[in-house]
Amino acid sequence: MELDTLPKFLVEHARKRGEQPAYREKDLGIWQTWSWAETENEIRNLACGLKTLGFERGDKLAIIGDNRPCLYWAMVASQCLGGTPVPLYQDSVAEEMKFVLANAEVRFAVVENQEQTDKVIEILKDCPKLEYLIYEDSRGMRKYSQEYLHSFG
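With the UniProt record's numbering applied, the sequence shown corresponds to residues 1 to 153, in that order.
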């Protein structure tokens, strides 16, 4: 296999380094670790979820949030499906997001939390291609019921 894409490198690392650490993140003061095999599984599951929602080759996936493993996994999952990741800074204001999301013709967005969700909802009417908003952290979103919203987990 020619290692010419990030997803191919991931599969190769999972095969060669299965249980070795791939990602680490501190959560509530405790380090969480994902092996290469676990990382491949997380990305595969996310890619399957995106595919189930209708993600197609050529689709654009915005990723908005802090540097967290799950958001990096979303980037690779989109590439596994032939899509293009479109990362944005979590501190971007809604107007900046609108410019990027509309001009890149983003169809899917993965966001970290309620703050990012609210910014995208604010500009949704100006982003005609954006159909799906997937959030990772559901805190503060208990009363959100929009059909285009989906939980990461």
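The beta carbon of each residue, even a glycine, is placed where N, CA and C say it ideally should be.
(request) Could you tell me if T5 is buried or exposed, where buried requires 16 or more neighbouring beta carbons within 10 angstroms of its beta carbon? (result) exposed
(request) Using DSSP bridges, identify the partner residues of F108. (result) L61 and Y132
(request) Please classify S151: does DSSP put it in a helix, a strand, or coil? (result) DSSP places S151 in strand when its eight states are reduced to three.
(request) Measure the CB-CB distance between V110 and G65 and report whether it falls below 9 Å. (result) yes
(message) Just to confirm the assignment: which complete beta strand (DSSP E) runs, minimum length 3, are found wholly within the region 54-99?
(response) 60-64 and 84-88
(message) Can you find the residues in the same chain that come closer than 7 Å, C-beta to C-beta, to P21, ignoring five residues on each side of it along the sequence?
(response) Take P21, set aside five residues on each side of it, and the residues of its chain with a beta-carbon closer than 7 Å to its own are T33 and S35, in chain order.
(request) Go ahead and pull the three-state DSSP assignment for E38. (result) helix
(message) On the criterion of 16 or more Cβ atoms from any shown chain inside 10 Å, does W31 qualify as buried, or is it exposed?
(response) exposed
(request) Mind checking who R24 pairs with in its DSSP beta bridge? (result) Paired residues: T33.
(request) Could you tell me the distance, in whole angstroms, from the CA atom of F108 to the CA atom of A14? (result) 27 Å
(request) Measure the Cβ-Cβ separation of G29 and L50 and say whether it is below 9 Å. (result) no
(message) Can you look up E12 in the DSSP assignment and give me helix, strand or coil?
(response) Three-state result, E12: helix.
(request) Out of D137, A94 and Y144, state which residue places its alpha-carbon closest to the alpha-carbon of N113. (result) D137
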